[in-house]
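I have placed the structure first, in the form of structure tokens, so that the comments after it can refer back to it.
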Amino acid sequence: MATQINNTAWLEWIAGLMGAGAQPTQTAALPPGQFHCSLEHLPLHLIPRRHLKSLSSVIQSVQPLFLNPHCMLLPSGELPEELQGQAELVGKFNLHATIAWVRNPGTRCLQPFWPGRQLEEVIANLRAGEPVPDSLAPRVKSILRAAGILVHETEIEGMARAWAHDAQEACSQFKVKGYAPLSSMIHPFNLAALRRYYRHEIRRGAIQLGDHQSACRYVAHNESVARFFHHQMANAVSAAVGEVVKPSYVYFASYLSGAELKKHTDRAQCEFSVTLSLDFSPEPDLATSWPIRLDTAAGTIAVYQALGDGLLYRGTRVPHYRQTLATGRTSTSIFFHYVPSGFTDSLE
Ligand SMILES: [Fe+2]
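Going by the working numbering, the final residue of the sequence shown carries number 1190, and the count climbs one at a time with no gaps.
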């Protein structure tokens, strides 16, 4: 059925299911210059299309729902314990509202959601271990379910098992080939929020145009919001490379048409790199049309990524490049770089 309806229909359908009415592009109520992922004002049009399809099946499941035991609902100003000594990682977050911090049971990544007053009250009244009451409005249930704040009874265990399997596969491939796909690091709602945030940052002139590698890309080194996700992904990257890593630096790059990335290998601070495809125009149905090319021992491979896909590669050993980005296209990626835990040189 999915392939028989057009994208506008998809958006309208998912918007209806999630209670956002027919205005999926409604303006966020929170300041756009601060990162937030508002469940009341989600930019549905920025959720990658392939994720809309999987979210729709999640929402429609009829199994009993429970409050996710890995969800922390913290009021304005309060942070999860692990972030309390690292305020710089949330320096660009909107912290003037309650945030539901949901930990992925597999990757251990924290996913922040801003529920807004109404949903916040709903979550606060739910009790761990008790099924969600039937009286909960379908639109509320749908949005909390899609965010992973509500889960099925055995879902957490299943997610942890699925991640362990995926990490094992990635690890095996990475050791042999020097690269491996790494997906599902960032929740689709957070992806949409990141796309909106960075588009806004570029428009307001907060991100510089051009660096030593290309004059045709907006770039930011260790941008605060990217840094948050950078740190969150460290456990997952450790599992996928088979050793404990620590974050070195993160680089945001938004390419304009005409940009290219010449073949190169990276410096020592990029021993383990994840390039995450965040945004692209025109909006792709699945993969974007601008692959990253890797020169591996087995030959050159072109990796076509969909929005939200990560590619793990050994940047110091595997030459990589992108050919010229065609007219009328833009492409945004975040490069998350890691080093072995014992690395003692500069992390910058
Ligand atoms: Fe590179």
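Positions of the beta carbon are idealized from the N, C-alpha and C atoms, including for glycine.
Contact under 7 Å by Cβ, residue i with residue j
i: Ala-988; j: Phe-955; result: no
i: Pro-947; j: Ala-1009; result: no
i: Gln-953; j: Asn-1077; result: no
i: Ile-889; j: Pro-1030; result: yes
i: Thr-1174; j: Leu-1103; result: no
i: Tyr-1093; j: His-1073; result: no
i: Ile-965; j: Leu-915; result: yes
i: Glu-1190; j: Tyr-1060; result: no
i: Glu-962; j: Thr-940; result: yes
i: His-1042; j: Pro-874; result: yes
i: Leu-1118; j: Ile-1176; result: yes
i: Pro-1126; j: Val-1145; result: no
i: Arg-892; j: Ala-1148; result: yes
Host alpha helix (DSSP H) of residue i (start-end)
i: Met-1001; result: 997 to 1019
i: Ser-958; result: Sequence inspection shows Gly at residue 958; the Ser mentioned does not correspond to that position. Note, Gly-958: alpha helix (DSSP H), 958 to 966.
i: Lys-1104; result: First-last for Lys-1104: 1103 to 1106, but that is the beta strand (DSSP E), not the alpha helix (DSSP H).
i: Ile-1134; result: Per DSSP, Ile-1134 belongs to no alpha helix (DSSP H); it is in the beta strand (DSSP E), 1134 to 1138.
i: Phe-1031; result: 1030 to 1045
i: Val-1181; result: No alpha helix (DSSP H) holds Val-1181; the beta strand (DSSP E) holding it covers 1172 to 1182.
i: Leu-897; result: 891 to 902
Own chain, CB closer than 8 Å to residue i, minus 5 neighbours either side, in chain order
i: Thr-867; result: Any reading at Thr-867 must be qualified, since the residue scores a pLDDT of 42, below 50, and its modelled position is unreliable; no value is offered.
i: Ser-1099; result: Cys-1058, Leu-1167, Ala-1168, Thr-1169, Gly-1170, Arg-1171 and Thr-1172
i: Thr-1158; result: Thr-1107, Asp-1108, Arg-1109, Ala-1110, Cys-1112 and Glu-1113
i: Val-1079; result: Leu-1024, Val-1087, Phe-1114, Val-1116, Leu-1154, Phe-1178 and Tyr-1180
i: Glu-1085; result: Pro-1182 and Ser-1183
i: Gln-905; result: His-994 and Glu-995
i: Val-1160; result: Gly-1020, Tyr-1021, Thr-1107, Leu-1136, Asp-1137 and Thr-1138
Continuous beta strand (DSSP E) stretch holding residue i: start and end
i: Arg-953; result: Checking the sequence, you will find Gln at residue 953 rather than Arg. Here the beta strand (DSSP E) through Gln-953 covers 952 to 955.
i: Arg-1164; result: 1162 to 1164
i: Tyr-1097; result: 1087 to 1097
i: Ile-941; result: 941 to 945
i: Phe-1122; result: 1114 to 1123
i: Leu-1167; result: Segment: none, Leu-1167 is in no beta strand (DSSP E) and carries neither H nor E.
i: His-1063; result: 1059 to 1063
i: Ala-1068; result: Not the beta strand (DSSP E): Ala-1068 falls in the alpha helix (DSSP H), residues 1066 to 1074.
Beta-carbon contacts of residue i that lie in its chain and below 7 Å, excluding the five residues immediately before and after
i: Tyr-1155; result: Gly-1020, Tyr-1021, Ser-1115, Leu-1136 and His-1162
i: Ala-970; result: Leu-909 and Pro-911
i: Ala-844; result: In this prediction, Ala-844 has a pLDDT of 38, which is less than 50 and means its spatial position is unreliable; what the coordinates show is noted afterwards. Hits under 7 Å: Lys-895.
Inter-residue CB distance, residue i and residue j (contact presumed, cutoff 8 Å)
i: Cys-913; j: Val-932; result: Actually they do not touch by this definition, with Cβ atoms about 18 Å apart.
i: Lys-934; j: Val-1067; result: 5 Å
i: Leu-992; j: Leu-1128; result: Contact flag wrong, Cβ pair sits at about 28 Å.
i: Ile-1044; j: Ser-1096; result: 6 Å
Same chain, Cβ closer than 6 Å to residue i, five either side skipped, listed in chain order
i: Ser-1056; result: Ala-1101
i: Thr-1186; result: none
i: Leu-968; result: Leu-909
i: Leu-872; result: His-878, Ser-880 and Asn-936
i: Ala-870; result: Low confidence applies to Ala-870: its pLDDT is 47, below 50, so where it sits in the model is not reliable enough to give any reading.
i: Ser-1123; result: Thr-1172
* **Closer than 6 Å to ligand 1: residues, by C-beta to nearest heavy atom, in chain order** => His-1106, Asp-1108, Gly-1157 and His-1162
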